[in-house]
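Working notes, structure below.
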Amino acid sequence: MTLSIKDIQLPVADEMKAFEQKFRQFMKSDVMLLDQIMNYIVRRKGKQLRPMFVFLSAGVCGNVTESTYRGAALIELLHTATLVHDDVVDDSNYRRGFFSVNALWKNKIAVLVGDYLLSRGLLLSVDNGEFDLLKLVSTAVRELSEGELLQIEKARRLDIDEDVYYQIIRQKTASLIASCCAVGACSVGAGEEVVKRMHAFGEKVGMAFQIKDDLFDYGEDEIGKPLGIDIKEKKMTLPLIYALNQAGWLEKRRIINIIRNESHKPKKVSEVIAFVKDSGGLKYAQEVMQRYVEEARVLLYEFTDSAHRQSLEQLVQYTIERSK
258 MTLSIKDIQL PVADEMKAFE QKFRQFMKSD VMLLDQIMNY IVRRKGKQLR PMFVFLSAGV
318 CGNVTESTYR GAALIELLHT ATLVHDDVVD DSNYRRGFFS VNALWKNKIA VLVGDYLLSR
378 GLLLSVDNGE FDLLKLVSTA VRELSEGELL QIEKARRLDI DEDVYYQIIR QKTASLIASC
438 CAVGACSVGA GEEVVKRMHA FGEKVGMAFQ IKDDLFDYGE DEIGKPLGID IKEKKMTLPL
498 IYALNQAGWL EKRRIINIIR NESHKPKKVS EVIAFVKDSG GLKYAQEVMQ RYVEEARVLL
558 YEFTDSAHRQ SLEQLVQYTI ERSK
């Protein structure tokens, strides 16, 4: 039976509760409109997986400090800024089932809100002299942007192979989870080697997390995101890349032509989904995902057994068993 998030976060439940209050304070503004939007963002928070990775990683490497709270807040501030900007770029009206900031307050305000969140994160680190944390998180945000742009560039040409796919997901997803784990370790005074090990652990988890997300596109139900949305957006994910590699030249050309010119037709999207399933694309992606999980476990087992380590392992399992 899959553990719930509440069960997994038990060793850091008090820290997570305290973090919620501290994070609200970090986001406060004297400008009424801005404060109203900040309250809206805080109220519609998701499962808080990123702060959990920070606090559990900190607990594996030492004792949570005020620096840990600031590190978790820094990640949330910078990541939220990228999401607000993403919704403007994608012209998206919804985020996690709620109206997006740009849907409620228009694009100009949303861009400025993203800038505000970014500056709050930067100042939080600068004011406390935590440049090591700032470097870890800023590097992740840079990689995230590069990964998104690389994916956009490749989607135009539909020429992504497995190596390029791994590069994209390492940058756009894994880099952030890696920075969560590295920040947790760094915030409790862990040495450079330990911080690197936690970063590598988080990266493996992030790779598995994104492959799981890609598999949702082929699910039987609309969970997490609408069925076939990656195909409609011309995103080349691992199940599709594998299936195309197994196909003959004519079949490959037919499927690529559908993605390029007919991905707006539900019937054609269903054709691509059936092609991927019949070619063993889902099974292959699940095997790769499991391999990353095993590699993450090997790195985690280098740390002393504790309630924090067990919860971190459970959180890894949760990321690949989740239904959305």
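In this note's numbering, each number is its position in the sequence shown, counted from 1, plus 257.
We treat Cβ as the ideally placed atom computed from N, Cα and C, and that holds for glycine.
Contact set for residue i: own chain, Cβ-Cβ below 6 Å, skip 5 residues either direction
i, result
"residue 487", "474 and 494"
"residue 364", "345"
"residue 503", "536"
"residue 428", "400, 403 and 404"
"residue 471", "494 and 495"
"residue 277", "none"
"residue 370", "294, 341 and 358"
Three-state secondary structure (DSSP) of residue i
i, result
"residue 466", "helix"
"residue 560", "coil"
"residue 305", "coil"
"residue 287", "coil"
"residue 534", "helix"
"residue 504", "coil"
"residue 492", "coil"
"residue 266", "coil"
"residue 471", "helix"
"residue 577", "helix"
"residue 522", "coil"
"residue 260", "coil"
Cα-Cα separation, residue i to residue j
i, j, result
"residue 320", "residue 559", "18 Å"
"residue 309", "residue 406", "28 Å"
"residue 307", "residue 409", "25 Å"
"residue 420", "residue 359", "35 Å"
"residue 340", "residue 555", "32 Å"
"residue 330", "residue 283", "8 Å"
"residue 557", "residue 361", "42 Å"
"residue 288", "residue 568", "40 Å"
"residue 269", "residue 524", "47 Å"
"residue 349", "residue 357", "7 Å"
"residue 274", "residue 303", "14 Å"
"residue 333", "residue 579", "21 Å"
"residue 281", "residue 298", "10 Å"
Cutoff 7 Å: residue i Cβ touching any chain D Cβ
i, result
"residue 440", "Looking at the structure shown, chain D is missing, and only one protein chain is on hand."
Heavy atom of the ligand MG within 6 Å of residue i beta-carbon
i, result
"residue 284", "Among the components modelled here there is no ligand, and therefore nothing to report on the ligand MG."
Beta-carbon proximity list for residue i, same chain, < 7 Å, skipping 5 on both sides
i, result
"residue 466", "430, 434 and 576"
"residue 500", "532, 533, 536 and 538"
8 Å CB neighbourhood of residue i in its chain, flanking five on each side removed
i, result
"residue 411", "417, 421, 425 and 493"
"residue 372", "338"
"residue 267", "564 and 568"
Decide if the stretch 390-407 is in contact with the stretch 375-382; the criterion is three or more beta carbon pairs, one per stretch, under 8 Å apart. yes
Does the structure place the stretch 320-338 close enough to the stretch 437-454 that three or more beta carbon pairs sit under 8 Å? yes
Cβ pair count under 8 Å reaching 3, the stretch 519-532 against the stretch 443-458: no
Can you check the stretch 417-467 for any alpha helix (DSSP H) of at least 4 residues that lies completely inside it and give the ranges in chain order? Counting whole runs of 4 or more residues, the stretch 417-467 contains the alpha helix (DSSP H) stretches 419-426 and 432-444.
In chain order, which continuous runs of the beta strand (DSSP E) of length 3 or greater are located wholly inside the stretch 311-385? none
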